[in-house]
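Peer 1: Quick one: this structure, given as C-alpha cells, is what I'll be asking you about.
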Amino acid sequence: MSRRSKRGRAPAVFRLVCVGCCLSVALSAASAVFAATATFTLVKTTTTPNPVKFSSPTLVDLDGNAQTLEIVVGDEGGNVYGFDSTGKSLWSFSIRSFSGFSTVQTACQSSPAVADLDGDGAKEVVVTLASRDEYVASKPGAIFTFHLDSKGLNPTATGGFARRALDRNSDSIPDGFFASPTLYDLDSDGLPEILATSWDYTCYAFQPNGALVWNLDYDPTSNQEYGFVAGDTIWTTPAVADIDQDGVAEVVFGADAHDFPWGHQLPFQSKSGGVLIALAASTGRLEYGASGAGRFFTESYHAEGSGSYYTANGENHIPVVNISEVLQSSPVIADVDGDGKYEIIHGTGQTIHSPSDTQHNRVYCWNAENATLKWSRDVGAEVFACCAVGNTDGGSDLEVFVRNFNETSPKLYGIKGSTGAVLPGFPVALQAGNPRSIGAVIGDVDGDGQMEIIVISCGRVHVFSAAGVQESYFDSAPGAMFTSPAIGDIDHDGRCEMVIGISNGISIYRCNGTAGTIPWGQYRYDAKKSGVVPKAPSSPAKRWSVWPTG
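Here our numbering runs 11 ahead of the position in the sequence shown, where the first position is 1.
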C-alpha cells in the first residue's frame with residue numbers, strides 16, 4: 012500500500028499557574044503550567060533563513076571536546092546547520108554545493124546522522140531530503156554526505172556525495188528520502204557505512220563516497236538494483252543489531268505493502284498493509300533458516316537467468332510479519348524485558364488504510380531471536396512516531412513511550428516493556444492539532460532522581476513525570492514545532508538543556524536543577540540514528556545509565 016539564550020536576552024512572557032493557588036506570575040519564554048519541578052527557561056533562539064519544520068536536532072561532539080556538544084539540524088530549503096552549545100551559528104551547508112544539484116531545494120525533514128565515516132578523526136554529516144506533505148512533488152528526493160574538519164567546522168563536498176532516488180511513480184521526479192539515515196559498520200572494517208530508505212521502495216547501503224555496499228543480483232533483468240527493493244514505499248529509519256545472537260548483525264526496517272506482486276525482492280504479499288523486514292547487514296539479503304527460525308521471512312530461491320522468474324515455485328519471500336496497516340514507525344531494538352535478548356518495538360503507520368481487524372492502532376513488540384510476537388498494545392489511533400525506550404522506574408526492564416496519531420485528541424502512551432501493559436497514569440492528553448510529532452525523549456532533566464518524558468505536540472512542549480503527571484508545558488515562541496526535542500548537558504554547566512526546532516530556527520532552553528541520567532536524549536537514541544538501546548550491563552545499578560552522543 013503506497014501512499015511523515017542568548018544570556019541576558021529580553022524574555023518573552025508566559026503565565027505560571029500554581030497548583031493549589033490562584034496566583035498568576037509573569038515569567039520568561041512561553042505559557043506554562045507546573046505540577047512538579049521540571050521547568051525550563053529560554054536561553055537563546057538562533058534564526059535560520061528557512062523554517063526548521065520536521066528535522067529533529069542532533070546532538071553530537073563535532074570538535075573532539077567531549078565536555079560540550081554541538082547541534083546539527085536541517086531546514087525546509089535543504090540546508091544543514093551547525094551550532095555550538097550556546098546556539099552560536101558555526102556553519103551551514105546546502106545540497107546546492109554539489110555539481111548538478113544547483114536548483115534542488117527539497118526540504119530536509121530528516122534528523123541528520125553524524126559520525127566519523129572515513130577514520131580521519133573528523134566528522135561527516137549525512138542528510139536525506141523529502142517533503143512529507145508533497146509525496147507527488149515537484150522537488151526531487153536525495154541523500155548527501157559532506158565533511159567537516161577536525162574542529163567541526165568548514166563543511167565541504169570534497170570526497171562526499173549526493174545522489175537522487177529512483178522515480179517509481181513515473182512522474183519524472185526522483186522519489187523522496189524521508190526517513191533519517193542510519194550509520195553502522197556493515198562490513199566489520201571498523202568504519203560505519205550509510206543506510207538510507209526511500210519512497211522509491213529501496214533500502215540503500217552506501218560507502219562514505221557514495222559507492223554501493225551491497226552487490227545484490229536478485230533480478231538479472233533489472234539495471235536499477237541499487238539496494239534491497241521492498242516493493243512499496245519505505246518511511247522508516249533502519250535499526251541494526253545482532254538480533255538473534257548468531258554473530259551476524261541484521262538490518263531491520265518497516266515498509267508499506269500491498270498484495271500486488273510488485274518488486275523483485277519482496278513479491279507475493281499476503282495482504283495490503285505493512286511488513287517488517289530483516290536483512291543480513293553484510294549482504295543486504297533476506298536472512299532465512301530452517302522453517303524461518305530466527306527470521307522474519309522464509310524464502311526459497313529459483314535459479315536466476317532465463318524462464319519465468321516470478322512464480323510461486325520461484326523466488327518466494329513470505330513474510331512472517333505482515334501487519335494489516337502500513338508500517339511507518341521506525342523500529343527500535345532493545346532488551347525491553349531484561350532477559351538478555353533483544354526485542355523489536357514499533358508502531359503501525361498513518362491512517363491511510365483502515366482495516367477492520369485488530370492489527371492496526373498498535374505498538375508491537377517482537378521477540379527478535381525467533382520473530383514471534385511478545386505483545387501488542389492498542390493505543391487508540393495509528394502510530395507514526397518512533398518509540399522512545401528507557402528505564403524510568405529502576406526495575407529490570409524498560410519502558411516504552413510513544414505518541415499516537417490523532418489530530419483531535421492525541422495521547423502519549425507509556426507501556427511496560429516486559430508485559431505490554433499500559434503504565435499507571437497513562438495515557439496522557441497532549442495539545443490537539445496537527446498530529447505529526449516525531450517522538451519523545453526521556454531523562455532526569457532536573458536531577459531529582461526521577462525520569463521525565465518530554466514530547467512536542469502541535470507547538471506545545473509537554474513535560475511529564477514517569478507517573479504520567481504533567482510537570483510543565485509551554486508553547487514555544489515563535490512558531491509551531493513538529494520535531495523531537497533533544498536533551499543533554501550540552502554546555503557542561505551541570506544543568507540539562509533542551510534544543511527544539513521552531514518555525515524560524517532553533518531554541519535552546521535550560522532546565523532548573525542538576526542534570527541527571529538521560530537514557531534516550533534525542534531522536535533515534537544517538538547521533539548515528541541507530542535506534543538501538545545497548546543491552547544492560549550485569550550490574551543493575553549501571554543499567555542504561557549512559558546516553559551516547561557521538
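Ideal placement from N, C-alpha and C gives every residue a C-beta, glycine not left out. As the structure is a computational prediction, the values presented were derived from the model and not from experiment.
What residue does the beta strand (DSSP E) around SER105 start on, and which one ends it?
Peer 2: Per DSSP, SER105 belongs to the beta strand (DSSP E) from 100-105.
Peer 1: Given that a residue counts as buried once 16 or more other Cβ atoms are within 10 Å of its Cβ, and exposed if not, what is LEU441?
Peer 2: buried
Peer 1: Could you pull out every unbroken beta strand (DSSP E) segment of at least 3 residues lying fully inside the segment 448-493, listed in chain order?
Peer 2: 452-454, 463-468, 471-476 and 481-486
Peer 1: Whole angstroms are fine: how far does the CA of ASN90 sit from the CA of PHE172?
Peer 2: 15 Å
Peer 1: Should the segment 466-482 be regarded as contacting the segment 498-507, the criterion being three or more beta carbon pairs within less than 8 Å?
Peer 2: Judged by Cβ distances under 8 Å, the segment 466-482 makes no contact with the segment 498-507, as fewer than three pairs qualify.
Peer 1: Beta-carbon separation of THR248 and SER341 under 8 Å?
Peer 2: yes
Peer 1: Relative to the C-alpha of ILE426, which residue among ALA260, GLY238, HIS503 and GLY358 is closest?
Peer 2: GLY358
Peer 1: What does DSSP give as the partner residue(s) for ALA153 in the beta ladder?
Peer 2: LEU140 and ARG175
Peer 1: Could you say which of ASN402, PHE475, GLY201 and TYR215 lies nearest to GLU463 if we only look at CA atoms?
Peer 2: PHE475
Peer 1: With 16 as the cutoff for other CB atoms within 10 Å, does LEU140 come out buried or exposed?
Peer 2: buried
Peer 1: What is the DSSP secondary structure of SER67, counted as helix, strand or coil?
Peer 2: coil
Peer 1: When you compare each of ASP253, ASN165 and TYR237 to LEU177 by their alpha carbons, which one comes out closest?
Peer 2: Of the listed residues, the one whose Cα sits closest to LEU177 is TYR237.
Peer 1: Is GLU410 buried or exposed, if buried means 16 or more other CB atoms sit within 10 Å of its CB?
Peer 2: buried
Peer 1: Just confirm the distance between the C-beta atoms of LEU73 and GLY132, as a whole number of angstroms; I'd bet it's less than 8 Å.
Peer 2: Not a contact, Cβ separation roughly 12 Å.
Peer 1: In this structure, does DSSP put SER183 in helix, strand or coil?
Peer 2: coil
Peer 1: By Cβ distance, which residues of its chain are closer than 8 Å to SER293, with the 5 residues on each side in sequence left out?
Peer 2: LEU197, ASP198, SER199, VAL259 and ALA260
Peer 1: Which complete beta strand (DSSP E) runs does the segment 331-385 hold, if anything under 3 residues is left out?
Peer 2: 343-345, 354-358 and 373-378
Peer 1: DSSP on SER108, reduced to helix/strand/coil?
Peer 2: helix
Peer 1: Put TRP531 into one of helix, strand or coil per three-state DSSP.
Peer 2: strand
Peer 1: With C-beta atoms as the reference, is GLN339 less than 8 Å away from GLY265?
Peer 2: yes
Peer 1: Would you mind working out which of ARG535, ASP182 and SER105 sits nearest VAL400, comparing C-alpha positions?
Peer 2: ARG535
Peer 1: Out of ASN402, ASP95 and SER429, state which residue places its alpha-carbon closest to the alpha-carbon of ALA547.
Peer 2: Nearest option by C-alpha distance: ASN402.
Peer 1: Quick one, which of LEU423, ASN372 and VAL394 has its alpha-carbon nearest TRP246's?
Peer 2: VAL394
Peer 1: What residue from ILE82, PRO62 and ALA77 has the CA that sits closest to THR69's CA?
Peer 2: ILE82
Peer 1: Using 8 Å for Cβ pairs, my map puts MET263 next to ALA291. What's the rounded Cβ distance?
Peer 2: Before going further, note that residue 263 is Val rather than Met in the sequence given. VAL263 to ALA291, Cβ: 11 Å. No contact.
Peer 1: To which residues of the same chain is VAL347 closer than 7 Å at the C-beta, ignoring the five residues directly before and after it?
Peer 2: Excluding residues within five positions, the ones whose Cβ falls inside 7 Å are GLU354, ILE356, CYS376, VAL400, ASP408, LEU409, VAL411, GLY428 and SER429.
Peer 1: Considering just the uninterrupted stretch of the beta strand (DSSP E) at TYR212, what are its terminal residues?
Peer 2: Run containing TYR212: none; DSSP gives neither H nor E here.
Peer 1: PHE608 bridges to which residues according to DSSP?
Peer 2: Residue 608 is absent from the structure shown; the chain starts at 12 and stops at 561.
Peer 1: Could you tell me which of TYR212, GLU418, GLY512 and ALA497 sits nearest to ILE529, measuring between CA atoms?
Peer 2: ALA497
Peer 1: Take the Cβ of PRO278 as the centre, count every other Cβ of all protein chains shown within 10 Å, and call the residue buried at 16 or more, exposed below.
Peer 2: Any reading at PRO278 is ruled out, since the residue's pLDDT is 45, under 50, leaving its predicted position unreliable.
Peer 1: Excluding the five sequence neighbours on either side, which residues of its own chain have a C-beta within less than 7 Å of the C-beta of GLU336, listed in chain order?
Peer 2: GLY284, GLY285, THR359, GLY360, HIS364, PRO366, GLN370, HIS371 and GLU393
Peer 1: Is DSSP giving ASN90 helix, strand or coil here?
Peer 2: Look at ASN90 here: in three-state DSSP terms it is strand.
Peer 1: Looking at the structure shown, is LEU569 part of a helix, part of a strand, or coil, going by DSSP?
Peer 2: Nothing can be reported for residue 569: it is not among the residues displayed for the chain, which extend from 12 to 561.
Peer 1: Using the C-alpha atoms, what's the distance from LYS539 back to ASP257?
Peer 2: 23 Å
Peer 1: Find out if the Cβ-Cβ distance for the pair SER209, SER121 is shorter than 8 Å.
Peer 2: no
Peer 1: Which of the three DSSP states is assigned to PHE1 in this structure?
Peer 2: It is not possible to answer for residue 1, since the shown part of the chain is limited to 12 through 561.
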